[in-house]
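*Asks:* Quick one: structure below, then a few questions.
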Amino acid sequence: MKLWKAYAAGTEELVAGLRNWRIWHLLGTADLRRRHSRSKFGQLWIALSTGVTVLSLSLVWSLLWGIPVATIMPYITVAMILWGFISGVLAESTSAFTATGNLFLNQKTSMSVAIYTIFYKTGITTLYNMSVVILIFAWFWTWPSWQVLLFIPGLLVNMLFLVPICYMLAVIATRFRDAVPLTQSVIQIGYLVTPVLWRPDFMPIEYRWINLVNPFSVYLSLLRDPLLGMPTTTETWWVALSYAALSWIVGLAFIGHFHKRVIYWI
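Residue numbers (my numbering): 21 to 286.
So this is what it looks like as structure tokens:
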């Protein structure tokens, strides 16, 4: 397939999935209901679990590093919840097509519907978890500044980067099932080397350039910093936009070339 045809096909595939928003809305809400069926608290359990984890880590980290709980707890809370969104869509994308395979086998539907479903339900889960952030901010009387408005463009840039990446991961993992545990291992390593449980300024100055090379750190920073009133450097924005552009340049051609083959690998 010629390159320009692959780009056109990839664009049409992603746009067609957006047009079918009712399908991924139904699939996403149905999956969330199924996960929490017959549970009195439902999605609230995730928020409670997140709150307990954040409280435990904050107390331990405060004792080990001598940092006030009022300083470290809001940071860990925001970072963990937003990391859960990024890592969640990446991890679930590896089973996106196999989990909804019956839909594509029974009717002609854009494969990107499965990708948008993952973003939709993971986004809903993240919104529930954000209730923990509000409680922590209220407890310590720490509220975001005007910089919170930068969260919206930060989220858009995250989506621009993640959508093609998740689609490519879904295709590769459907064709090569060993990609599933490999992706999980990469995410686990990313969790340790990304400023989730530790602040970026904990790293020695001569090694802080690593945070600009690490895409996990870059995109987490775009979401985390506005909520915490921390400045996001211009370099971080440029690196994030560069990664997003590369994601689309490679992703559109990849999607356009392979999206019709996925049905044979399910």
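Each residue gets a CB set at the ideal place from its N, CA and C atoms; glycine is no exception.
Inspect the beta-carbon positions of L168 and P246 and report whether they are closer than 7 Å.
*Replies:* The displayed chain sequence assigns Val, not Leu, to residue 168. Yes, the Cβ-Cβ distance between V168 and P246 is below 7 Å.
*Asks:* Using the Cα positions of N178 and A50, report the straight-line distance between them to the nearest angstrom.
*Replies:* When rounded, the distance between both Cα atoms is 25 Å.
*Asks:* To the nearest angstrom, how far is it from the Cα of T253 to the Cα of A260?
*Replies:* Computed Cα separation, rounded: 11 Å.
*Asks:* Put F117 into one of helix, strand or coil per three-state DSSP.
*Replies:* In this structure, F117 counts as helix in the three-state DSSP scheme.
*Asks:* Assign S205 to one of three DSSP states: helix, strand, or coil.
*Replies:* Here S205 sits in helix by DSSP.
*Asks:* Counting only runs that start and end within the stretch 204-254, where is the beta strand (DSSP E) found for 3 or more residues in a row?
*Replies:* With a minimum length of 3 residues, no continuous beta strand (DSSP E) run stays inside the stretch 204-254.
*Asks:* Find the nearest neighbour of W13 within the set L182, L212, W218, judged by alpha-carbon distance.
*Replies:* Outside the shown range of the chain, which is 21 to 286, sits residue 13, and nothing can be said about it.
*Asks:* Could you say which of A190, T203, I101 lies nearest to I154 if we only look at CA atoms?
*Replies:* When each option's Cα is compared against that of I154, the closest is I101.
*Asks:* Return the residue from the list V191, E112, F236, E255 that minimises the CA-CA distance to K280.
*Replies:* Of the candidates V191, E112, F236, E255, the one whose C-alpha sits nearest the C-alpha of K280 is V191.
*Asks:* Which residues mark the beginning and the end of the alpha helix (DSSP H) in which R54 is found?
*Replies:* It spans 41-55 - the alpha helix (DSSP H) in which R54 sits, taken as one unbroken run.
*Asks:* Hey, which unbroken runs of the alpha helix (DSSP H) at 4 residues or more fall wholly within the stretch 67-114?
*Replies:* Correct list: 89-113.
*Asks:* Could you give the DSSP three-state label for F278: helix, strand or coil?
*Replies:* Here F278 sits in helix by DSSP.
*Asks:* Cα-Cα, which of E226, P235, G30 is closest to S130?
*Replies:* Nearest of E226, P235, G30 to S130, Cα basis: G30.
*Asks:* Using a 10 Å radius around the Cβ and a threshold of 16 neighbouring Cβ atoms, would you call N231 buried or exposed?
*Replies:* Buried, by the Cβ-count rule.
*Asks:* Would you kindly work out how many angstroms separate the C-alpha atoms of A134 and G37, rounded to a whole number?
*Replies:* The straight-line gap from Cα to Cα measures roughly 8 Å.
*Asks:* Tell me the DSSP secondary structure of I283 in three-state form.
*Replies:* If DSSP states are grouped into helix, strand and coil, I283 belongs with the helices.
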